[in-house]
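Everything below concerns the one structure shown next.
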Amino acid sequence: MSSREADRTSSAQQTLDVLHDISQLLNTQLDRETLATCVSMIESGVNPEALATVIKELRRENASYSTARSPE
Amino acid sequence: MVSQVTKGSLEDDPNAFSYQYEKALRTLETRQVSSDTMETIDARVQRLAKKARIGIQDNLAEALVRTWAFLKTIASDDFQDDDEIKLSNLPEQMQFLLELAAPPLPSTLAHADIVLSGEREFSAKSNKLTWKQIMEEEPFEGDHWEGVFSPGRAYEGDTSPSFASDQESEAEGFLSHSGESQESETSYTSTPAPIGQILTEAVYTQSEYFQGSSSESRELVERLRGKQTWRREWEMDVNWNRPFNTADPSTFAAAVSRVMEPRVGGRIQVPKVINEVDTVRNILLLLQGIDSPSTIFLVDDFEERTQASIAPDAPRLMHISLDAYRSILTEFCFSATRLQEMRHFIRSVYAHRDERRTKRAPTMSPVFVSRTLEAFAEAVDAYIRDVDKWCAGREEAIVQARSGTGRQTVATLLSCYHEMKEKVTLALDILQDILRQLVKQELRKDGTTHHRGDVERLGFLRAKNLSSIHPSILSTRLLDLLVHSINTQLAIGEHPTACLLIDIFVKTAEPIWKLAGKWMRDGMRVGGSLEIDDLEQNEQDPELFIQFRDINFTDPDFWEQGYTLRREGEDDWEDNRTASYSRPQLVPNIFATIASDILAAGKVVGLLRAMGIDPLSEEQFQFSATTWGTFSDIYTKSQVEGAEGLEHMDVESPEILQEDATYGSRIVMGLLNATMTEHILPWCKSPNLKLKKLLLDDCDMMEHFAAFENFYFMRQGDAMTAFCDQIFFKLDAHEKWHDLHFLNKVLREVSMRDRKPWISPELVQFQVRGGREKNNISSVRCFDGLVADYTVPFPLTYILQRPSSAIYASVFVLLIQVRRAKSVMDHLSMKDASQVASGLDVGDLNQFFALKAKFSWFINTLMNFLTIHVISAKTTQFQVLFKKASTLDEMITSHDHHLAQLQILCFLQSKTAAVHRTLLSILDLALQFVSCFSAYLEERTSNGPEKPLAADISHKKRRHHQKRARRNQRNTIGFADDVVPSDVDSSSSDDEEIKEEDLEQDQTLPDITQNRSRPSLTSSISFAEESFTVKIDRVSDELDGLVRYVRKAVDVLAGGSNETSAVFGVFSFMLEEWDM
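Line by line, the protein sequences give chains A and B.
For the first sequence, counting from 1, position 66 maps to 66 in the UniProt record's numbering; every step adds exactly one.
For the second sequence, counting from 1, position 932 maps to 932 in the UniProt record's numbering; every step adds exactly one.
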């Protein structure tokens, strides 16, 4: 890995760190890995609002699914 | 992504997983919503930060703003086109996170702290170099200069987040030119000040402070300094020199300035400009007496900084022209000056008080310290502190609103002016006016010539200007002026100002109220009741409205004159032994109705304490030092009573309360007097009851009164008749009747006549004044100098030995005089009369007996009137009233009134002196008549009856002629000129008179009757020139004239409308019989 490549990786990492900080401050409940996925998806052209809606929907479904399974 | 979000919970159920996956995919494909721009994201972040601040989560807000700013910075620094995360996508990334944002949890706040500390570490790491180090290096050498001048990033070397936006957002709500602020709010790059300027000033002014500190601290300080409008570092973010724009008020001041103000060196001077909210903060500082960039306090003539003035380099406002700005500031300066003057006045009062406490004031110079004035100063001090607190509160509200932690508030010069006017200006004007009126009244007293010093005294109020005013005068005027101001403010509907003045008034009245309580509890100072050491402490307080005069407490005048209500023009250091009742009282109006009661109660308490009785020890009066209470308690009680009254009124006429806010306060002020009266009532009642019991039971007051009446009014009939007869006998015998031993002996003898002694003769002390007339037996005026003093035990002296008690002695003398005439007339022996009659003709005989009857009738009528209708009737009335009297003062008043009535009815007043003299003349005439008879009898006994009788007959015709002539000349006696004596009437009553005479003659005392057969009134009467019958005729005419004069005078007295007229009417009716 060249020096420039390393710098770029480090820079991207730093950006992601800061985004993660903001994510934590906004209490989005996204872990670092999920956030990285979401950031890459947005960078790929996914609409951020739609992505946020999907995540909210998934969380809701997951919560109801977990509730349905818990008595068993 | 689906598995990450669901955390693998759906992996066990492939169908569910695929369903969710498909659903997410569809959502992502179908939803095409436009994303936000960078500006929108900025605004959303700011809103979130503001929301966090409102929720007092400053760290979260700070962390959010800083992290976002940092993200933008590194994005602009490092992002390249081929970066994994592009700058252009940053708003979308943030939009995504903002969509998922949830309310903060405790863990969120903890993360904010971590972020802040991490950011500081990062900042410290990236800013290892200081400006000083950089400047010490050669220009543009070293790694840190690399990339500095890269295009588009000329001044973006500071990697620390900018606080400009934060600062501007704080100010956003308070700027009138919101367009400018909005613009600056969204700009996220700050323009640093010129480097050299900051470095030079920072190192120069705070080099020691920064020595050894990190660059981070220094930057922090610099940032903070940049926010401080009073520093040079402050710069307005809006350009001053902008063209005038009607839509932008912030261009107005500059436009006016360009036209109106002179240019220096052809260039427009750019003034220092601050926001209006900062000017308001400066004004609030001004009102608190603190210098600010806008205003300063100048030194006055007393070298005290009281005069508020606009600072020479006062920062300007962008939307107000210079003149208007100065005009507004001047208004504030006026009020601030007044406040500052009052602060200095209060300070001077406190200094005066401290001086009094440390050393006593010199006694020679009248320098006074008024506790009322001190209380007033304390009350005003509390008010000014309240104003200070209000100013500080306003400032706090402004700061909180700016920081977003408080509620929104309006902070403009106009609103501040209105608030100040309501809170400060009105009340302060009144308070200063009150103090100036006090000084003015004192100056007016000194004289009419005024000089510059007087004007200064009015201009610069200080305690020493009031120290020459006597405390009682000062307290009275101060309280009266306050009450007057309160009533005026209530009348004009200034309720807040009136309430403030009421508060000050209540506090100012406390010392007087406390002194009144002390006076009522301790009472007056009576000799012997206090130890010598205590005397000084118990000296009558000069501030109370009660004045002490240096009169011995055993003096009968002490009760009336010893302690009185103060009057104008009476000072303690002057020798005022007698009260000048013509001058107005010096009592505060609020105490006017109860001052007399307070005075009387204190006197009674002091008297009881002097006699060893605790006046407040009764079980029903459990008083102690604390139960007197404060004046504030009294006012609170009035408020409660007023509120109860208003509740009742609210039902009947609620519209009054709605329309007039001052109505309640006016009712409370009106009730204040009644509440005070109600409060002092039990304090007056208990001591008075005890004193009355003491006077009646222990001092035998009623027994002494009975002795007085029995002796002076001769109501002890037989004993006093014997007493008088003894004196008359002595007088007739040409012996010295006025010998004091003789008088005392006689009184001692007559006091033993009854089984029960009716008087203690040792208490009576005779005095006989005047010398020559004492042995003149032909006149009743020989008794004029007789004075009998009756000594009563203390404290009855306050009632019975007052100056008015001299009336007793006057009545006593009058009664003796009447008795003397009656006695002489009664003892005219009929045997002697018949001897005379043998030598007279029938007509002359009738005339002689008629005249004797006339004398007897008049003397008996006068005696009856005096004893029955005056003394007996009035004494009975007095006894009824006296028993009703509950206080010593009432007893004294009742007794004085009784004596005054007796004085009038016995013709002893100066107004009726002529009648009194006429009565005595009649009595003297009676004595002359008897002496004439005695002389004639002696002459006949020695010479035989024929000679004088022949002489009488020869003069008969001449007598009738003289008689007619005298009738014509009768107008020489007063207004009896039209009176024509009726010989027929006189002769018609002769038979009755003779019978009465016989009856009375039988009642004379046996031991002296024998000696009475020849009264020795014969000294100088001769019948050589005028015969007996002529003399009788002349005496008869004279008597007639005198009686008619008396009757006329009594008629006039009976025609009045006062209490005594009816009694005179009785006498007038009795005298009507004279003509019958």
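Just so you know, even glycine gets a beta-carbon here, dropped at the ideal spot from N, CA and C.
These numbers come from a predicted model, not from an experiment.
Going along chain A in order, which residues have a C-beta closer than 7 Å to the C-beta of residue i?
i, result
"A101 (chain B)", "L26, N27, T28"
"N89 (chain B)", "I42, E43"
"E92 (chain B)", "I42, P48"
"T37 (chain B)", "What T37 (chain B) touches in chain A: nothing, since even the nearest Cβ is about 13 Å away."
"A63 (chain B)", "L25"
"A112 (chain B)", "L25"
"Q20 (chain B)", "L58, E61"
So, with DSSP's three-state summary, where would you put residue i?
i, result
"R218 (chain B)", "helix"
"S617 (chain B)", "coil"
"T488 (chain B)", "helix"
"R281 (chain B)", "helix"
"Q561 (chain B)", "helix"
"F631 (chain B)", "helix"
"Q269 (chain B)", "coil"
"T295 (chain B)", "strand"
"T554 (chain B)", "coil"
"V1050 (chain B)", "helix"
"F794 (chain B)", "coil"
Compare the C-beta of residue i against all C-beta atoms of chain A and say whether one is closer than 8 Å.
i, result
"A16 (chain B)", "yes"
"T40 (chain B)", "no"
"I54 (chain B)", "no"
"F70 (chain B)", "yes"
"A351 (chain B)", "no"
"L60 (chain B)", "yes"
"I328 (chain B)", "no"
"residue 1087 (chain B)", "With chain B running from 1 to 1076 in the structure shown, residue 1087 (chain B) is simply not present."
"I74 (chain B)", "yes"
"Q228 (chain B)", "no"
"A49 (chain B)", "no"
"T67 (chain B)", "yes"
"V299 (chain B)", "no"
Report yes or no: is there a C-beta of chain B within less than 8 Å of the C-beta of residue i?
i, result
"A50 (chain A)", "yes"
"R59 (chain A)", "yes"
"T37 (chain A)", "yes"
"T15 (chain A)", "yes"
"Y65 (chain A)", "yes"
Strictly below 7 Å CB to CB, what residues from chain B border residue i?
i, result
"S23 (chain A)", "L97"
CB-CB under 7 Å to residue i, same chain, minus the five flanking residues each way: which ones, in chain order?
i, result
"A63 (chain B)", "A112, V115, L116"
"A595 (chain B)", "F545, L565, V587"
"G645 (chain B)", "I667"
"H704 (chain B)", "V792, L796, L800"
So residue i and residue j are in contact, right, with Cβ under 8 Å, and what is the actual spacing, rounded?
i, j, result
"A926 (chain B)", "F855 (chain B)", "5 Å"
"K507 (chain B)", "A308 (chain B)", "Actually they are not in contact, since the Cβ atoms of K507 (chain B) and A308 (chain B) sit about 27 Å apart, beyond 8 Å."
"residue 1120 (chain B)", "L920 (chain B)", "This structure leaves residue 1120 (chain B) out entirely; chain B is present only between 1 and 1076."
"L30 (chain A)", "L28 (chain B)", "About 17 Å separates the two Cβ atoms, so there is no contact after all."
List, in order along the chain, the chain B residues whose C-beta lies closer than 8 Å to that of residue i?
i, result
"T34 (chain A)", "M1, Q4, V5"
Just the chain A side, please: which residues come within less than 9 Å of residue i by C-beta, in chain order?
i, result
"residue 1088 (chain B)", "Residue 1088 (chain B) lies beyond the stretch modelled for chain B, which goes from 1 to 1076, so this question has no answer here."
"T108 (chain B)", "Q24, L25, L26, N27"
For residue i, is the beta carbon positioned less than 7 Å from some heavy atom of the ligand NAP?
i, result
"I22 (chain A)", "Looking at this structure, you won't find the ligand NAP or any other ligand, since it has none at all."
Going along chain A in order, which residues have a C-beta closer than 8 Å to the C-beta of residue i?
i, result
"L105 (chain B)", "N27"
Excluding the 5 residues preceding and the 5 following residue i in the sequence, name in chain order all residues of the same chain whose CB lies nearer than 6 Å to its CB.
i, result
"F713 (chain B)", "I871"
"A1049 (chain B)", "V915"
"S894 (chain B)", "L881, F882, A885"
If you drop the 5 nearest sequence neighbours on each side, which residues of the same chain put their C-beta closer than 8 Å to that of residue i?
i, result
"Q441 (chain B)", "R477"
Residues of chain E with CB under 9 Å from residue i, in chain order?
i, result
"A43 (chain B)", "This model lacks chain E altogether, as its protein chains are A and B."
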